[in-house]
Amino acid sequence: MTSKLIHGYEVVIGFETHTQLATQSKIFSRAPTAFGAEPNTQACAVDLALPGTLPVMNREAVACAIKLGLALGSHIAPVSIFARKNYFYPDLPKGYQISQFEIPVVQGGEVSFFLETGKGADAAREKKTVRLVRAHLEEDAGKSLHEDFIGQSGIDLNRAGTPLLEIVTEPDMRSSEEAVAYAKELHKIVTWIGICDGNMQEGSFRCDANVSVRKPGAALGTRREIKNLNSFKFMQQAIDYEIRWQIEQIEDGHAIQQATVLFDPDTGETRAMRTKEDAADYRYFPDPDLPPLHISAQWVQEQRALMAELPRAMAARFVADHGLPEYDATTLTQSKAMAAYFEAAATACGQPKLASNWIMGEMSRRLNAGEIGIEQAPVSSAQLAALIARIADGTISNNAARQVFDALWNGESADVDAVIESKGLKQMNDSGALEKIIDEVIAANADNVAQFRAGKDKAFNALVGQIMKASKGKANPTQVNELLRARLAA
Amino acid sequence: MTSTALHDLGVAQLATELRERRVSAVEAAQHFLTRAKAHQNLGAFVALNEEATLTQAQAADARIAAGTAGTLEGVPIAHKDIFVTRSFPSTAGSKMLAGYQSPFDATVVTKLADAGAVTLGKLNCDEFAMGSANENSAVAPVGFDAPAPVRNPWDTHRIPGGSSGGSAVAVAARLAPAVTGTDTGGSIRQPASFCGITGIKPTYGRASRYGMIAFASSLDQAGPMARSAEDCALLLSAMCGPDPDRDSTSLDVPAENFSAKLNDSIEGLRIGIPAEFFGEGLAPDVRAAVDAALKEYEKLGAQLVPISLPRTELSIPVYYIIAPAEASSNLSRFDGVKFGHRAKNYTDLVDMYKKTRAEGFGDEVKRRIMIGTYVLSHGYYDAYYLQAQKIRRMIADDFQNAFKHCDLIAGPVAPTVAWKLGEHGNDPLADYLADIFTLPASLAGLPGMSVPAGFGESGMPVGLQLIGNYFHEARLLNAAHRLQQATDFHLRQPGGL
Chain A
316 MTSKLIHGYE VVIGFETHTQ LATQSKIFSR APTAFGAEPN TQACAVDLAL
366 PGTLPVMNRE AVACAIKLGL ALGSHIAPVS IFARKNYFYP DLPKGYQISQ
416 FEIPVVQGGE VSFFLETGKG ADAAREKKTV RLVRAHLEED AGKSLHEDFI
466 GQSGIDLNRA GTPLLEIVTE PDMRSSEEAV AYAKELHKIV TWIGICDGNM
516 QEGSFRCDAN VSVRKPGAAL GTRREIKNLN SFKFMQQAID YEIRWQIEQI
566 EDGHAIQQAT VLFDPDTGET RAMRTKEDAA DYRYFPDPDL PPLHISAQWV
616 QEQRALMAEL PRAMAARFVA DHGLPEYDAT TLTQSKAMAA YFEAAATACG
666 QPKLASNWIM GEMSRRLNAG EIGIEQAPVS SAQLAALIAR IADGTISNNA
716 ARQVFDALWN GESADVDAVI ESKGLKQMND SGALEKIIDE VIAANADNVA
766 QFRAGKDKAF NALVGQIMKA SKGKANPTQV NELLRARLAA
Chain B
1151 MTSTALHDLG VAQLATELRE RRVSAVEAAQ HFLTRAKAHQ NLGAFVALNE
1201 EATLTQAQAA DARIAAGTAG TLEGVPIAHK DIFVTRSFPS TAGSKMLAGY
1251 QSPFDATVVT KLADAGAVTL GKLNCDEFAM GSANENSAVA PVGFDAPAPV
1301 RNPWDTHRIP GGSSGGSAVA VAARLAPAVT GTDTGGSIRQ PASFCGITGI
1351 KPTYGRASRY GMIAFASSLD QAGPMARSAE DCALLLSAMC GPDPDRDSTS
1401 LDVPAENFSA KLNDSIEGLR IGIPAEFFGE GLAPDVRAAV DAALKEYEKL
1451 GAQLVPISLP RTELSIPVYY IIAPAEASSN LSRFDGVKFG HRAKNYTDLV
1501 DMYKKTRAEG FGDEVKRRIM IGTYVLSHGY YDAYYLQAQK IRRMIADDFQ
1551 NAFKHCDLIA GPVAPTVAWK LGEHGNDPLA DYLADIFTLP ASLAGLPGMS
1601 VPAGFGESGM PVGLQLIGNY FHEARLLNAA HRLQQATDFH LRQPGGL
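Structure below.
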């Protein structure tokens, strides 16, 4: 694997992502999982760990794990084991977290995405694949509220017992950009298959990044784990800071100590929470309250049948059926809504590549500027298809089409042909009128004609520009090229 | 029927008297409440709530009058204080839970109430069910201001056994016709043996553990204790059944009427006699009583078959690794944060944890938490916990091999009769070693029971242990009932009551 070096160091990043599952009730109790309720109103006797309570597995959470495994091409373990991770903390009511340790429910799999490299003329796209180690089911802890009380901490157990899938990668990423691209791709997948609402502010998708640096070819360096990255922006900042910090430390002759760190968005720095010396011994052992989790082939089959077409499969279909480049297909399958929009437009106009270009170009620019999703776009897929049809049949030029798109976007009119008509954007396809203009331009620009004949191609472009100008942009550039070349060759 | 004789009736007889309205549930409740207080010196009860009891009794009378009586309608019973209850505090014998009020009833409590049973109160036990003598309770019994010994009614200077000591005493002293107990490594069978009553621990998973304050999750099992197998069968039928929404380890095996086959003939029944249960550690008086009971079985047409349970001795180290390991984790929730005891003065969070747990737990509980924490620690887990799990499976396999040659297994419950209060003093190992005959069935998850078999040294009761294969509770109860038809040990009662 080739990778970009920073001051002669190779960066190595692995991810652990806590994905909150979109189930109605908690993983081992029947309490609801809704976010934002009054503290301790969504915790039942089981969540409070009252004496005598026992966990009972929520099958919906298991279904989410099966879906994730199917989406990532993982092995779905027919038998997996719940284990107790023992440690004391006030927001951990039982004094242990039920998780999976030795045998997780989802094993292996991978996440693929395109990474944009270089800028301007050097811009390129590289396909990357990050291998997954595992994804395991576990319960979330409650929250300790240190800010709201003076000299005391509050405990809110509403979140205690919320189902999580912790998704763990191999240390396959080599830059902060790659890490963020991986996180975005994973975020897309879990929201696409509907197992997570993806709300990063509410903590539904929390990433921990394990970061280390090494000289190329050397053994893996000591890693530090940046905890709870809950925005893509902070993720990039935190990893970049951490990389610089680690390289400085090593360059200054200090060894990196394994540690857990937090990113402070105010200072833009990471700081250590705890080092390995005070790391707890979690005394993992199989939870005797929960029998092994059995997942039958039939259950997997049922979930497969319930799942919508996955982004990977849909992208492959766009390549096969619509002849799109892989990059286009991957980009258009960033969200279900965008993919649906593309399919509708492409089918209606019969020009998939043009539809893709318009959605990835003009449409995306405006969506980004307006910070809205394609569901809110003022131009419908039917309108875009009509517009593309008019480009394809030569009625309007690309330039004119942008003006039409503008008018549609701004709500000036809903009908493509009406806009073309009212703005007089129809291309000049009458060769007689065009030939007249060409003759006039040749007559008025003898210098350019002479230069062209002397072998200067630039002079030809100057003539084309003059002709387009004289036609007020309505001439069909292809036709102009053909007619001008013929006339000059005569 | 005069009310003075009510406590001499078994559950079956009392239920009939109630159903036929020769005595009311309120009268029965009042009678037993009076008796419980009159004999509070025995230390059996830790909580009474007359108002709650009488309210339940009135409701039972109403159902009897309406003709909707359950099988146990109006029968007063009491629960080991390991079961959580809404109408009584639930302490598990620990200072950690002094005065703790549960917002829900254990499934077993609910099921018995559904069958019509009236709750008399809560019964003393070793703290978190850890002990073999009931000397580890940190809770003051009813009538006492401080923790006091639970006394064996056959000799009040002796221990009743444990951890269901209060339960066994209540039945033996006829303070309740029947009670619940829990058995992790012998906590129903051993006190039943020491107090001369009948008790059964069903197959692991038969009775829901929901609402049982956990000691060792993979071993804990609820069961009834009463004077006879017939009475145990009545209670067990009401207690068992799947509880899939509350306890994932409860088995999907339907409830069963355990009374149905009590009177079946045991002609030709093959009783396995494990050589390892009759070695040099077995006291001669216990051996004599057990041998006599086995002879009785031969007279009833059963056949004694020599068998071997070769890993019997290993059950002690295996149990004392697995049970403390699970306990160390199960008891982590008692941290002073949410409920139960919290230290008064502390400097920070860690200091609060340390002081709360140092003050709240007794010595035996702390000892087991430390053992359990140690065996689960990084670097020791494989050598202790995993190894113990492997041997546990072998012990279960040994039983399956034995059951190829016999229908049930019989032997002593404990190596000796009940010892003197304080006799084991500061020697917890002496207590651990005395569990040797009850631990194997617990580790294998098999049903086991104790049946009065006679009397040994100083006239103290001796129990015969019967162990069945999985789900063979009915066969155990049938064998026990037949023995009780032929003997009267279960009908004898201690003097002075």
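If you're matching them up, the sequences are chains A and B in order. Numbering-wise (our numbering), the first sequence opens with residue 316 and increments by one. Numbering-wise (our numbering), the second sequence opens with residue 1151 and increments by one. Using N, Cα and C, we set each Cβ at its ideal position, and we do this for glycine too. A quick note: this is a predicted structure, and the numbers were derived from the prediction, not measured.
Beta carbon proximity, residue i to chain A, threshold 8 Å
i	result
A1308 of chain B	The sequence given here places Arg at residue 1308 of chain B; Ala does not occur at that position. No, R1308 of chain B does not count as interfacial toward chain A.
T1399 of chain B	yes
S1415 of chain B	no
H1491 of chain B	no
A1263 of chain B	no
M1362 of chain B	yes
S1153 of chain B	Caution is warranted here: a pLDDT of 44 is assigned to S1153 of chain B, below 50, making its placement in the model unreliable, and the coordinate value is therefore given only provisionally. Closer than 8 Å: no.
R1518 of chain B	no
P1352 of chain B	no
Y1503 of chain B	yes
D1652 of chain B	What is shown of chain B runs 1151 to 1647, which leaves residue 1652 of chain B out entirely.
R1543 of chain B	no
S1337 of chain B	no
F1365 of chain B	no
Per DSSP, cross-strand counterpart(s) of residue i
i	result
Q412 of chain A	A:K400
I1350 of chain B	B:M1599
H310 of chain A	Residue 310 of chain A lies beyond the range of chain A shown here (316 to 805); nothing can be said about it.
S527 of chain A	A:V327
L1616 of chain B	B:A1560 and B:M1599
D471 of chain A	A:K458
V576 of chain A	A:I541 and A:A587
A1438 of chain B	None; A1438 of chain B has no bridge partner.
T1588 of chain B	Answer is none; T1588 of chain B lacks a bridge partner.
S395 of chain A	A:L608
T334 of chain A	A:L480 and A:F520
CB contact below 8 Å: residue i versus chain B
i	result
T484 of chain A	no
L844 of chain A	For chain A, the structure presents residues 316 to 805; residue 844 of chain A sits outside this window and is missing.
F403 of chain A	yes
V394 of chain A	no
G329 of chain A	no
F298 of chain A	Outside the modelled stretch of chain A, which goes from 316 to 805, sits residue 298 of chain A, for which no answer is possible.
V371 of chain A	yes
G410 of chain A	yes
L501 of chain A	no
Environment of residue i [buried if 16+ CB atoms lie within 10 Å]
i	result
T356 of chain A	exposed
H1640 of chain B	buried
V445 of chain A	buried
M588 of chain A	exposed
T1154 of chain B	Note that T1154 of chain B has pLDDT 48, beneath the 50 cutoff, so the model's placement of it is unreliable and no number is given.
D754 of chain A	exposed
M1599 of chain B	buried
T506 of chain A	buried
S746 of chain A	exposed
V1500 of chain B	exposed
D567 of chain A	exposed
H1631 of chain B	buried
F464 of chain A	exposed
V1300 of chain B	buried
beta-carbon residue i near the ligand ATP non-hydrogen atom, thresh 7 Å
i	result
S1367 of chain B	Because no ligand of any kind appears in the structure shown, any question about the ligand ATP cannot be addressed here.
Anticipated Cβ contact below 8 Å, residue i with residue j, distance rounded
i	j	result
G1422 of chain B	A1624 of chain B	Contact doesn't hold; Cβ gap of about 18 Å is too wide.
N545 of chain A	G583 of chain A	Actually they are not in contact, since the Cβ atoms of N545 of chain A and G583 of chain A sit about 16 Å apart, beyond 8 Å.
A456 of chain A	L407 of chain A	5 Å
Report yes or no: do three or more beta-carbon pairs, one from the segment 605 to 623 of chain A and one from the segment 536 to 555 of chain A, lie closer than 8 Å?
Short answer: they don't touch.
Quick check: the segment 373 to 385 of chain A against the segment 487 to 498 of chain A, are at least 3 beta-carbon pairs closer than 8 Å?
The segment 487 to 498 of chain A, when compared against the segment 373 to 385 of chain A, does not touch it at the 8 Å Cβ threshold.
Evaluate contact between the segment 1240 to 1259 of chain B and the segment 1164 to 1184 of chain B, counting only Cβ atoms and requiring at least three cross-stretch pairs below 8 Å.
Here the segment 1240 to 1259 of chain B does not lie against the segment 1164 to 1184 of chain B, with fewer than 3 beta-carbon pairs under 8 Å apart.
Does the segment 1270 to 1281 of chain B come within contact of the segment 1189 to 1200 of chain B, defined as at least 3 CB pairs closer than 8 Å?
Taking 8 Å as the limit for Cβ pairs, the verdict is that the segment 1189 to 1200 of chain B does touch the segment 1270 to 1281 of chain B.
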